[in-house]
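Report on one structure; see the data block that follows.
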Amino acid sequence: MTVDTSDEFIVQMINLDAQNYISFKKGCYTGQEIVARAHYRGSVKRRMHLMWLDTANMPPIGVSLIDSNGKVIGTVAAAARASECSIEALAVLPEKYLATAEVTFDKEQFFSTIHLPLPYKVLERS
Numbered sequence: 634m635t636v637d638t639s640d641e642f643i644v645q646m647i648n649l650d651a652q653n654y655i656s657f658k659k660g661c662y663t664g665q666e667i668v669a670r671a672h673y674r675g676s677v678k679r680r681m682h683l684m685w686l687d688t689a690n691m692p693p694i695g696v697s698l699i700d701s702n703g704k705v706i707g708t709v710a711a712a713a714r715a716s717e718c719s720i721e722a723l724a725v726l727p728e729k730y731l732a733t734a735e736v737t738f739d740k741e742q743f744f745s746t747i748h749l750p751l752p753y754k755v756l757e758r759s
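Here the sequence shown stands for residues 634 to 759, where the numbers follow my numbering.
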């Protein structure tokens with residue numbers, strides 16, 4: 634995360650719980666109550682996902698991703714160039730938007746997106 638997005642997400646949204654970076658059994662820290670409530674009372678509504686974007690334009694960190702209906706579906710948390718004409722981005726969005734095939738962040742041009750698997754498992758509590 635960067636300074637631009639440090640207050641934007643709780644730790645479950647950026648999958649720190651899935652990577653065992655959070656202990657729910659010890660310690661006190663700022664925001665612990667919110668984090669524990671999300672863990673013990675239900676599922677997290679938004680999670681970080683890896684997306685391939687068919688564009689050479691680098692999305693700014695913290696920019697909104699917009700679907701073809703004009704709805705904001707998520708937020709870019711990090712981005713890196715995958716090739717001269719594509720970007721891989723970590724974006725926080727609800728699971729229901731994983732099938733979205735076209736997005737924009739500049740409101741001028743839509744481009745194809747493919748949701749890629751993360752290198753770790755994210756298990757939701759039932």
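From the three backbone atoms N, C-alpha and C, an ideal C-beta is built for every residue, glycine too.
All values reported here derive from a predicted model rather than from experimental measurement.
Beta-carbon spacing of residue i, residue j below 7 Å
i	j	result
residue 713	residue 721	yes
residue 708	residue 697	yes
residue 681	residue 653	no
residue 737	residue 699	yes
residue 753	residue 651	yes
Whole-angstrom C-beta distance between residue j and residue i, which should lie under 8 Å
i	j	result
residue 715	residue 724	Actually they do not touch by this definition, with Cβ atoms about 14 Å apart.
residue 726	residue 706	5 Å
residue 744	residue 686	6 Å
Per DSSP, cross-strand counterpart(s) of residue i
i	result
residue 707	698
residue 722	684 and 712
residue 728	Looking at the DSSP assignment, residue 728 forms no beta bridge with any residue, so it has no partner.
residue 755	None, per the DSSP bridge assignment.
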